[in-house]
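Numbering (full-length UniProt numbering), first residue to last: 1 to 478.
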């Protein structure tokens with residue numbers, strides 16, 4: 001229990017200390033007009049309150065990741081706690097804050113536009129491909145996983161295909177309609193269900209006495225299949241530590257934020273909150289299941305089955321239902337905004353105004369058609385591709401943040417160090433993985449060093465070029 005409580009305390013302390021330092025490095029301008037006002041269109045650029053923006057941001061970024069990831073990460077043992085805490089404070093929250101704030105400074109631009117500006121025009125096309133692949137995978141995974149959990153919850157009384165169809169219909173509405181019509185109105189209710197369910201699981205651990213079984217910190221790899229911690233842990237637990245998906249979501253809220261002074265709470269703070277959710281589910285899973293039992297349950301029914309078993313065991317039938325619904329809310333409230341972000345990115349790329357419903361549907365309908373096809377692919381395969389695309393996007397977003405600070409002659413190391421780390425992990429993973437080049441792990445470590453070094457070299461070369469060209473890092477608000 002010491003590790004669990006210590007981890008929660010460090011996450012909260014990180015927000016008030018390191019989060020404050022990151023904010024100081026960025027230097028927000030409280031008087032600067034934000035895109036919510038300068039680009040107001042009544043659809044995507046709509047001023048909303050700090051509370052509503054924070055809740056939407058949390059629900060946007062916290063899909064099944066901070067639940068499914070920690071459940072699967074629990075197979076590695078309590079070393080997972082270390083990655084959740086350190087990753088959230090020094091990588092994930094920095095990543096989310098910088099992408100959100102840099103987007104605010106650039107009229108609500110999405111990550112491909114920012115990549116083109118700070119890393120070069122070729123990077124814009126690469127990031128566009130990465131972001132759209134990621135968002136389609138996220139949207140698809142976040143259709144099938146909540147559908148699976150609901151299917152189990154209601155004892156399979158409604159066909160899985162019907163549940164999937166209903167979720168797709170909701171996603172279409174939330175993607176095409178103005179942000180304050182559905183997302184802004186439903187999310188407070190969804191947020192309440194999430195918080196009640198998550199807190200219920202945490203309290204249930206202590207009431208049942210299972211909290212005493214939470215293992216203390218150990219660097220020993222406890223995975224029953226002896227899967228290596230490096231790099232696999234960092235691709236198993238993404239949301240809840242560091243996730244590139246967040247870089248596609250923060251610009252949505254950058255378009256509805258009223259003032260830059262709200263940025264630390266909305267972007268940095270909600271990532272810390274997601275880290276706490278991840279800690280609770282990782283702890284509950286480790287306390288209740290041994291590694292082999294957990295592995296068998298995941299294989300039998302994906303992490304959805306584990307969510308259901310943990311919730312009902314700790315909270316009983318009624319409380320367990322609320323907890324499962326809280327877990328269902330997370331992917332649904334990330335899936336809807338994943339498709340919305342994909343629509344925005346494509347619209348920005350082809351420069352198609354989104355003020356009319358027909359134009360929004362022109363982009364949205366083909367996206368949903370592709371996603372319907374992707375639902376036929378096995379969850380475990382989808383998750384592996386999602387994890388790699390996710391962390392690849394995170395690396396690119398951190399490089400954008402590092403370049404922004406480098407050009408402004410501020411402490412760019414706060415983004416540079418996590419960017420180097422996750423870039424190395426991304427290279428090693430794809431070189432070694434079955435979905436990649438299938439090279440020997442030790443050889444992958446060596447090649448990864450050279451590829452990461454080349455990436456660092458490009459960063460400094462491009463940074464000097466940006467200095468010489470005096471690029472306008474902050475676009476003037478209208």
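A virtual CB, placed ideally from N, CA and C, is assigned to each residue, including glycine.
Computed from a prediction, not measured in an experiment: that's the story for all the values here.
Residue i - DSSP class collapsed to helix/strand/coil
i           : result
residue 384 : helix
residue 53  : helix
residue 115 : helix
residue 336 : helix
residue 45  : coil
residue 27  : coil
residue 289 : coil
residue 70  : helix
residue 374 : helix
residue 438 : coil
residue 1   : coil
residue 360 : helix
residue 40  : coil
residue 432 : helix
residue 124 : helix
residue 79  : helix
residue 180 : coil
residue 244 : coil
residue 343 : helix
residue 352 : coil
residue 266 : helix
residue 88  : helix
residue 425 : helix
residue 410 : coil
residue 59  : helix
residue 20  : helix
residue 488 : This structure leaves residue 488 out entirely; the chain is present only between 1 and 478.
Nearest candidate by alpha-carbon position, reference residue i, set the options
i           : options               : result
residue 154 : 67, 303, 318 and 296  : 318
residue 160 : 61, 249 and 151       : 151
residue 473 : 98, 235, 78 and 437   : 98
residue 332 : 466, 397, 350 and 171 : 171
residue 168 : 369, 400, 461 and 434 : 369
residue 7   : 157, 24, 363 and 214  : 214
residue 320 : 408, 302, 194 and 402 : 194
residue 41  : 62, 349 and 178       : 178
residue 96  : 265, 3 and 123        : 265
residue 81  : 200, 211 and 218      : 218
residue 281 : 210, 164, 342 and 357 : 210
residue 425 : 308, 158, 23 and 234  : 234
residue 400 : 65, 289 and 124       : 124
residue 462 : 403, 106, 201 and 287 : 403
residue 174 : 105, 364, 48 and 279  : 364
residue 50  : 256, 21, 248 and 186  : 256
residue 339 : 322, 354 and 367      : 367
residue 248 : 330, 130 and 185      : 130
Residue i to residue j span [Cα, whole Å]
i           : j           : result
residue 148 : residue 413 : 42 Å
residue 9   : residue 272 : 11 Å
residue 458 : residue 204 : 50 Å
residue 238 : residue 387 : 7 Å
residue 346 : residue 112 : 10 Å
residue 135 : residue 427 : 21 Å
residue 132 : residue 263 : 25 Å
residue 216 : residue 67  : 20 Å
residue 298 : residue 254 : 37 Å
residue 142 : residue 162 : 15 Å
residue 225 : residue 433 : 15 Å
residue 420 : residue 183 : 35 Å
residue 384 : residue 328 : 21 Å
residue 359 : residue 109 : 19 Å
residue 190 : residue 337 : 14 Å
residue 101 : residue 52  : 17 Å
residue 83  : residue 94  : 15 Å
residue 221 : residue 362 : 49 Å
residue 455 : residue 259 : 34 Å
residue 324 : residue 418 : 33 Å
residue 5   : residue 309 : 24 Å
residue 127 : residue 438 : 24 Å
residue 54  : residue 378 : 33 Å
residue 398 : residue 144 : 29 Å
residue 11  : residue 277 : 11 Å
Below 8 Å, can you find three or more Cβ-Cβ pairs linking the region 385-393 to the region 241-248?
yes
Please determine if the region 82-95 and the region 11-21 are in contact, where contact requires at least 3 C-beta pairs separated by less than 8 Å.
yes
Is there contact here, the region 223-238 with the region 298-317, by at least three beta-carbon pairs under 8 Å?
no
Across the region 430-448 and the region 68-78, are there enough close Cβ pairs to call them in contact, namely three or more that are closer than 8 Å?
no
Between the region 51-61 and the region 373-381, can you find at least three pairs of beta-carbon atoms closer than 8 Å?
no
Is the region 114-121 touching the region 33-49 in the sense that three or more CB pairs, one from each, lie closer than 8 Å?
no
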